[in-house]
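Numbering (full-length UniProt numbering), first residue to last: 1 to 773. Data block below; observations after.
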Amino acid sequence: MWFPKHHSERKGGNGLVAVAIDKDKNSQNALKWAIDNILQRGQTVVLIHVKLKQQGSNSSTSFSTKVAEDCFLSKEPDAQTRELLLPFRCFCSRKDIQCKDIMLEDVDVSKALIEYVSQAAIENLILGASVKTGFLKFKMTDIPSTVGKGAPDFCNVYVISKGKIQSMRSAMRPAPANSALRAQIMKQCSPKPEPQDIQVSLSAMKGQFFCHLIKYYAFLSKSFVQLTLISCRSRSPFTSRRGPNGMSYGDLPMLDGDISFVSSGRPSSGRQSLDRIIHPLLYENMDSAKTSPRMSNDTEVDFNHSFESLPYGRRSTDTLSPSEFSSFSQESDLLSSSSSAMEDVEAEMRRLKLELRQTMEMYSTACKEALSAKQKALELQRWKNDEEKRLEEAKFAEEAALAIAEKERAKSKAAIEAAEAAKRFADLEAQKRVSAELKAVKESEERRKAVDALSKTDLRYRRYSIEEIEAATGFFDKSRKIGEGGYGPVYRCYIDHTPAAIKVLRPDATQGRSQFQQEVEVLSCIRHPNMVLLLGACPDYGCLVYEFMANGSLEDRLFCRGDTPPLSWQVRFRIAAEIGTGLLFLHQTKPEPLVHRDLKPANILLDRHFVSKISDVGLARLVPPSVADNVTQYRMTSTAGTFCYIDPEYQQTGMLGVKSDIYSLGIMFLQLITAKSAMGLTHHVEKAIEEGTFAQMLDPAVPDWPYVEALSFAKLALKCAELRRKDRPDLGNVILPELNRLRALAEDSMHLTLCAGDESLGLVHSQVSIVSP
1 MWFPKHHSER KGGNGLVAVA IDKDKNSQNA LKWAIDNILQ RGQTVVLIHV KLKQQGSNSS
61 TSFSTKVAED CFLSKEPDAQ TRELLLPFRC FCSRKDIQCK DIMLEDVDVS KALIEYVSQA
121 AIENLILGAS VKTGFLKFKM TDIPSTVGKG APDFCNVYVI SKGKIQSMRS AMRPAPANSA
181 LRAQIMKQCS PKPEPQDIQV SLSAMKGQFF CHLIKYYAFL SKSFVQLTLI SCRSRSPFTS
241 RRGPNGMSYG DLPMLDGDIS FVSSGRPSSG RQSLDRIIHP LLYENMDSAK TSPRMSNDTE
301 VDFNHSFESL PYGRRSTDTL SPSEFSSFSQ ESDLLSSSSS AMEDVEAEMR RLKLELRQTM
361 EMYSTACKEA LSAKQKALEL QRWKNDEEKR LEEAKFAEEA ALAIAEKERA KSKAAIEAAE
421 AAKRFADLEA QKRVSAELKA VKESEERRKA VDALSKTDLR YRRYSIEEIE AATGFFDKSR
481 KIGEGGYGPV YRCYIDHTPA AIKVLRPDAT QGRSQFQQEV EVLSCIRHPN MVLLLGACPD
541 YGCLVYEFMA NGSLEDRLFC RGDTPPLSWQ VRFRIAAEIG TGLLFLHQTK PEPLVHRDLK
601 PANILLDRHF VSKISDVGLA RLVPPSVADN VTQYRMTSTA GTFCYIDPEY QQTGMLGVKS
661 DIYSLGIMFL QLITAKSAMG LTHHVEKAIE EGTFAQMLDP AVPDWPYVEA LSFAKLALKC
721 AELRRKDRPD LGNVILPELN RLRALAEDSM HLTLCAGDES LGLVHSQVSI VSP
């Protein structure tokens, strides 16, 4: 809700604005809101504070009488009330707003506010919202709501919370134009005197005081002259007697401080003594009034006490001669006639003394007020300086925050630009990748179509019917089952009077048909001594017929399954060379290289002479010739292979290459010499080599390991199992020459062993022939 700044000047109102104040924060917010939205410069705001009264105390004074007398002006506030009012007065002074303090006492705060607003004809009443401790220390009563309901209908009631209007009750009619409070405010509209004005008033009061003092001094001088003449004439001869110390009674100093000494009959020492007493004090204070515009407690002089306590310090030298005594007796008749004059002088002196005392009291009070005003002015100046300092600090903090925000904005802009550039680059890379994948999919589709066409008309392998397969396997008798893989179960059988192994496609095998077509295409097109031989296939049911491998897989022989004897180190080195030769044959296939993708000991089969052959090429992939040069790699949409043997880089990026098989080859070589699981094998071997305990990693089933050659073989295998593809050695140029060297060493060792066996066998035969008759 919006209010005009000159809301109080609307037609028909009296413009009186009152703010209920207390110690809480909302009272300060209420006054600030009133100054910002209702009051204007020079206007007077009424600050109402209700002081709680104990139950049962006397509070019978009517509000109408108070308004008529002094508009609820209470007695002098105590120190606690002055401390409460000080921040509000300072704030109004800074905003150039006049303020009038109203102190009320009642047992009910709401009732006191309502009655005062009604009697004083307040047009706008602003209150702070209630907090948890309650307005004016009330906990259970919502004072703003009660006042809003009970206020007269000519009063606008605003309830302010945190600088905003929480609630408002508008007036139903204009406020009365005639109000005793408004008349008093108009009469006392002049601003409070500043400390300089107070000092001017003090100077005027001081001048008035000195005027009274001069007047009093003149009267005393005149009176003392007359009294001296009278006393000299009426002095008795007996008064010239001297005391014990030789002084006359008239020469004794006057110790009485009261100025009524005239009535005692003892005269003073004359006009000169009075001049000597009064003149220095008078001139000193007149000079100080001219030269010292400021006053403090140290300059407050109790003139009454100083003046009354000063002794008359000159001895009287008046001694009567006989002639004077005679003249005195002649003038003794004058005493009776001058008694009335002396009484008048005493009365005038008492009146002047009373005026002097009152003037000095007023002067002392004015000095105290001046000192208080000076202290308040210093406090205001100090508060102003603190406010300016805080404002300057806030300004610097705001500038620093703006500078930081500008830097952050620049950083954010640069980051957004970098992100946009990265996004554009990523979009370009994505477009290239999508185009490459589309091209690969197109080539794969064309290849699949070609394979399908060949599968119907291809005569490169023998086609078996399902009846022949069933008859050979005894209708897939479980006793003939020799293994099972992801493709399906494998059965041993005789077909065409030849021992064979038939792999049957499982109906629920994923990608089983594609693996069948891939394996048929690869094995029917290539021939190698270290590649398993495909005898035929049944394309209708996905059955593959291989040559039978009598010694099973390399995995079974390494772990001695079926209580088979362990392989010698010579056989293991020869098998490693044969596997490398067969793998190089796949990688050099024309026109496109083949990547096996699932090279592991379980897919290496051994015949009855322990000759190794690579099988299970159903996951092999033909790499396009465009990427087959140098670093041969090709992105696949989905990775394939066996955990622990699959290339990590291929698994993360999908980039397939001929060196993906090199990683699997390295893991398999480590298993070949250690006969341990592939999980974490590279770490264990590297640690053993570093610590010099490599001999403990070798397969303990082989007692005669050549340590140097085995260590060289292990280091070669670790190079093959590097995580990054570019760190792996080349198969044809690096790996195979080392494998052939080790195979030659193994064959030489086997030949020597056979020769030694033959010689020992011939020696035994000769001994037998000699012994026989």
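All C-beta atoms in this analysis are idealised placements derived from N, C-alpha and C, irrespective of residue type, glycine included. Note that the structure is predicted; figures quoted are calculated from it, not measured.
Buried versus exposed call for residue i [16 or more other C-beta atoms within 10 Å across all chains shown]
i      : result
Ser326 : The pLDDT assigned to Ser326 is 42, lower than 50, so where the model puts this residue is not dependable; a value taken from the coordinates is nonetheless given after this. Label assigned to Ser326: exposed.
His497 : exposed
Phe694 : buried
Lys503 : buried
Gln43  : buried
Phe475 : exposed
Ile667 : buried
His609 : exposed
Ile277 : Only weak support exists for where Ile277 lies, its pLDDT of 40 falling under 50; the value from the coordinates is given anyway. Per the 10 Å Cβ criterion, buried.
Ala710 : buried
Leu432 : The question names Leu, but residue 432 in the sequence shown is Lys. Per the 10 Å Cβ criterion, exposed.
His49  : buried
Thr581 : buried
Thr473 : buried
Lys613 : buried
Met360 : buried
Gln381 : exposed
Gly542 : buried
Ser27  : buried
Candidates the options, of which the one nearest residue i by Cα
i           : options                           : result
Ile575      : Arg743, Met342 and Phe585         : Arg743
Lys25       : Ser161, Thr81, Ala183 and Arg597  : Ser161
Val734      : Ile662, Thr682 and Leu670         : Ile662
Asn530      : Pro499, Leu378 and Val617         : Val617
Gln54       : Gly150, Asp108 and Val45          : Asp108
Ser179      : Glu361, Gly13, Ala20 and Glu446   : Gly13
Leu745      : Gly692, Trp569 and Asp727         : Trp569
Lys449      : Asn385, Ile469, Lys389 and Ser514 : Ser514
Thr81       : Asp101, Leu181 and Ile185         : Asp101
Met697      : Ala688, Trp705 and Asp704         : Ala688
Leu554      : Glu578, Tyr546 and Leu544         : Glu578
residue 842 : Met750, Glu348 and Leu739         : Absent from the structure is residue 842, since the part of the chain shown begins at 1 and ends at 773.
residue 794 : Ala20, Cys644, Lys95 and Ala18    : With the chain covering 1 to 773 only, the question about residue 794 has no answer from this structure.
Leu665      : Ala721, His684, Ser712 and Glu691 : Ala721
Lys187      : Gln98, Lys389, Phe713 and Lys411  : Gln98
Per DSSP, cross-strand counterpart(s) of residue i
i           : result
residue 774 : The structure shown does not extend to residue 774, since the chain is modelled only from 1 through 773, so no value can be given for it.
Tyr487      : Bridge partners of Tyr487: none, in fact.
Met531      : Ile614
Glu547      : Ala500
Lys481      : Tyr491
Thr44       : Gln98
Glu105      : Lys51
Lys164      : Ser161
Ala20       : Ile48
Arg463      : Ala537
Ile416      : None, per the DSSP bridge assignment.
Asn124      : Val17 and Asn156
Ser553      : Leu605
Contact belief for residue i with residue j at Cβ below 8 Å, rounded distance in angstroms
i      : j      : result
His587 : Leu731 : 7 Å
Gly485 : Leu505 : Between Leu505 and Gly485 the Cβ distance is about 11 Å, and since that is not below 8 Å, they are no contact.
Val117 : Cys92  : No, Val117 and Cys92 are not in contact; Cβ-Cβ is about 20 Å, not under 8 Å.
Leu47  : Phe88  : 6 Å
Lys659 : Arg728 : 5 Å
Leu606 : Arg557 : 6 Å
Ser167 : Gly148 : 7 Å
Pro566 : Ala701 : 4 Å
Val17  : Ala30  : No, Val17 and Ala30 are not in contact; Cβ-Cβ is about 11 Å, not under 8 Å.
Ala171 : Asp153 : 6 Å
Ala678 : Tyr650 : At roughly 16 Å, the Cβ-Cβ gap does not stay under 8 Å, so Ala678 and Tyr650 are not in contact.
Chain B contact for residue i (CB, 8 Å cutoff)
i     : result
Pro77 : The structure shown contains no chain B; it is built from a single protein chain.
Residue i beta carbon near the ligand MN (any heavy atom closer than 7 Å)
i      : result
Asp386 : This structure does not include the ligand MN; it has no bound ligands of any sort.
*Inter-stretch contact (C-beta, 8 Å, three-pair minimum) for the segment 525-543 and the segment 702-722*: no
*Are the segment 112-129 and the segment 411-424 touching by the rule of at least three beta carbon pairs closer than 8 Å?*
no
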